[in-house]
Ligand SMILES: [Zn+2]
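In my numbering, the protein residues as written are 885 to 1613.
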């Protein structure tokens, strides 16, 4: 009875145990199946770790290598860019059944367990490549059974979501290869100075041995250990039948390991610290980001700069700077007119200089001096107010408390607009600015994108015409490029992209206006450049900034000399400090690029058309004008008609010179004839182009032809008289 009861109980217990085991097995199986869906995708973690970013110049020359945030070197490559031998060696050494298993190699686990049991210690982890890759994403690196299980689950998840080749490529790009070197490409470059695609079998076998214990096997520190490890890998290949034992021996004994010279830094280490190109690099990077580029991508960023050219420009600026007492800094921008790509973007001469070496002077807001004048003239030409031959007045003027003079302190009376612009006369420019008015000047500055900031309330005043509003070298260079590009504004680019379509652009001036101004700016030769350039210098108030901008048909150069702290120096004069540097840069550019000079590109006749102008005013001739001459003006823009000649002008109220008169004076004495200078109202006087001031005393005129000019102080109305003095026979 008791026995029967026991039997019954025992049977029950067995059944219960079997059921429990079955439930456990089903649950375990369910857990195993569900596991991949319960762990995070390790690839997301892995791809968040940024690679080393390579920045190349427009010719493919490396300019900067930016390490990962933890200063690691990692250059991701695609599987096709790794030598096939290296790939198959890695597979044989690490995971022979890689293409067969689903992330976990059960056979290998059993084999490993058997070995572990047989040897009574853990020898093999039986980790597949997929599991190792998953392991790279785990923070906890201590080996444990839980970690192993998690790793296996993650590996299975990887296998479900990614192709074998994706997993393999990711793995090869992440293996630790000693020190801060990660991935096969970084390792090939660091140890051999080669690309992963160039590795031979010996080198590949050696590299494949490193990840096991990277710091023990890195060949620059432990060449013998690395070599021993290489032999183990080669034997494994022979064991798997990938090569014969003889081949393994031949590779080990005679295939060369082409180590680079370890006493020198690796190629990427040369450009690991930022230098003067960094400002261009940063802009290229920002531009790349705007195109949707992600930091986790390994592809190089192609910068617009020409690193060689920029280095030469830097040398020119340094050499010139050293000849200028009290001047420490300079900057230069060179733009390709057509594409808008910055070939040179140099904001500092020495990036590592302690105080302000990192400061980008090419983007600093400075006073622009006379460099805005061409745009004022352009605006006046665009409005039909003047053209290149129109006479403008260089005489004292005063607007409230503002009374600008010229750089040399002299006044020249009535001169042609092209002369006034070439010689950078201030008072004609201010008169133009007053005529245009401040709102129109601000609108113009906006269209050219040169206004660095807005000032609330009264605005900038007329001194804005002399650059007081504040502008950057970069924006001004692009404004000059706008003139060189027939008046069309387009943005500057810092990435080299020959495929980039030309943006439509914003029209600031008509082509005829832009060409007229460019022609006006070519009338003087640019020191240091043999071709024809349209150029303009500028010197800011109190001698703080020296500028020069120079355009050819294809390139625009902008140069600035000054001090980043704003200190002034007597040598900061645009014409002597900046212009020769701009000339030298253009000469250098001519040896590198196709620098079509303006001369051969002109005249673009369809943009300009002939016009008959009054010989006295240079405005469109009216029937009353006595003498006329031929000139050109932008096509389609009517030029203001001369109103100074004829009946209206001779009326009693008109301002005119009363003495001298247009006649022939006979001199009684040898030295000449004494004449009064008189008008019907108070005036500024000019005799033979020399300013005499207000109400000058009677004056002796020597025999010869003379020209006397008077300008009414109140409204700048002018009259001129020509006369001849002859000796008495
Ligand atoms: Zn006239």
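In this text, a Cβ means the ideal position worked out from N, Cα and C, and glycines have one as well. Note that the structure is a prediction, hence the values are computed from the model and not measured.
Beta-carbon separation (whole angstroms), residue i vs residue j, contact threshold 8 Å
i: residue 1127; j: residue 1161; result: No, residue 1127 and residue 1161 are not in contact; Cβ-Cβ is about 46 Å, not under 8 Å.
i: residue 1587; j: residue 1571; result: In fact, because the Cβ distance is near 15 Å, the residues do not count as touching under 8 Å.
i: residue 939; j: residue 1168; result: 7 Å
i: residue 1219; j: residue 1440; result: 5 Å
i: residue 1045; j: residue 1159; result: Going by Cβ atoms, the distance from residue 1045 to residue 1159 rounds to 42 Å, so no, they are not a contact pair.
i: residue 1446; j: residue 1430; result: 7 Å
i: residue 1302; j: residue 1404; result: 4 Å
i: residue 1209; j: residue 1528; result: In fact, because the Cβ distance is near 48 Å, the residues do not count as touching under 8 Å.
i: residue 1213; j: residue 1245; result: 6 Å
i: residue 1515; j: residue 1502; result: 7 Å
i: residue 1401; j: residue 1519; result: Residue 1401 to residue 1519, Cβ: 15 Å. No contact.
i: residue 1228; j: residue 1181; result: Rounded, the Cβ-Cβ distance is 27 Å, inconsistent with contact.
Reference residue i; option with closest CA among the options
i: residue 1112; options: 1130, 1136, 999, 1410; result: 1136
i: residue 1197; options: 1080, 1319, 1471; result: 1471
i: residue 1604; options: 1578, 1205, 1015, 1546; result: 1546
i: residue 1591; options: 1564, 1544, 1567, 1553; result: 1544
i: residue 1172; options: 1256, 1377, 1542; result: 1377
i: residue 1398; options: 1265, 1098, 1445, 922; result: 1265
i: residue 1424; options: 1459, 1254, 1166; result: 1254
i: residue 1143; options: 1076, 1123, 1283; result: 1076
i: residue 1092; options: 1104, 1071, 1514, 1316; result: 1071
i: residue 976; options: 1027, 1089, 994; result: 1089
i: residue 1095; options: 985, 1083, 1081, 1067; result: 1067
i: residue 1119; options: 1131, 1155, 1550; result: 1131
i: residue 1614; options: 1554, 1415, 1379, 1367; result: Nothing can be reported for residue 1614: it is not among the residues displayed for the chain, which extend from 885 to 1613.
i: residue 1510; options: 1519, 1496, 1517; result: 1496
i: residue 1033; options: 916, 1105, 1021; result: 916
i: residue 987; options: 1351, 1043, 1021, 1354; result: 1043
i: residue 971; options: 952, 1030, 1082, 922; result: 1082
i: residue 968; options: 993, 1052, 1040; result: 1052
i: residue 1054; options: 1492, 895, 1109, 964; result: 964
i: residue 1422; options: 1490, 1320, 1567, 1251; result: 1251
Three-way DSSP call (helix, strand, coil) for residue i in this model
i: residue 1112; result: helix
i: residue 957; result: strand
i: residue 1106; result: coil
i: residue 998; result: helix
i: residue 885; result: Residue placement at residue 885 cannot be trusted, given a pLDDT of 48 that sits under 50; the coordinates are not used to answer.
i: residue 1097; result: coil
i: residue 1092; result: helix
i: residue 1514; result: strand
i: residue 1127; result: coil
i: residue 1278; result: strand
i: residue 1007; result: Note on residue 1007: pLDDT 47, under 50, position unreliable in the model; no value is reported.
i: residue 1326; result: helix
i: residue 1459; result: helix
i: residue 1536; result: Because the pLDDT of residue 1536 is 49, which lies under 50, any placement of that residue in the model is unreliable, and the question is left without a value.
i: residue 1068; result: helix
i: residue 909; result: helix
i: residue 1479; result: coil
i: residue 1471; result: helix
i: residue 1435; result: strand
i: residue 1258; result: helix
i: residue 1578; result: strand
i: residue 1506; result: coil
Delimiting residues of the alpha helix (DSSP H) encompassing residue i
i: residue 1383; result: Per DSSP, residue 1383 belongs to no alpha helix (DSSP H) and is neither H nor E.
i: residue 1163; result: 1162-1174
i: residue 1192; result: 1191-1205
i: residue 1584; result: Segment 1583-1585 is the beta strand (DSSP E) holding residue 1584; no alpha helix (DSSP H) there.
i: residue 1396; result: 1395-1404
i: residue 875; result: With the chain covering only 885 through 1613, there is no way to say anything about residue 875.
i: residue 948; result: First-last for residue 948: 946-950, but that is the beta strand (DSSP E), not the alpha helix (DSSP H).
i: residue 1151; result: 1151-1154
i: residue 1146; result: Note, residue 1146: premise wrong, no alpha helix (DSSP H); not H, not E.
i: residue 1058; result: Per DSSP, residue 1058 belongs to no alpha helix (DSSP H) and is neither H nor E.
Within-8 Å CB hit, residue i to chain C
i: residue 1107; result: In summary, chain C is missing from the structure at hand, where a single protein chain is found.
Delimiting residues of the beta strand (DSSP E) encompassing residue i
i: residue 1217; result: 1213-1220
i: residue 1440; result: 1439-1446
i: residue 976; result: Here residue 976 belongs to no beta strand (DSSP E); instead the alpha helix (DSSP H) covers 968-978.
Contact set, ligand 1 heavy atom to C-beta under 7 Å = That gives 1498, 1500, 1501, 1503, 1505, 1506, 1508, 1509, 1526, 1528, 1529.
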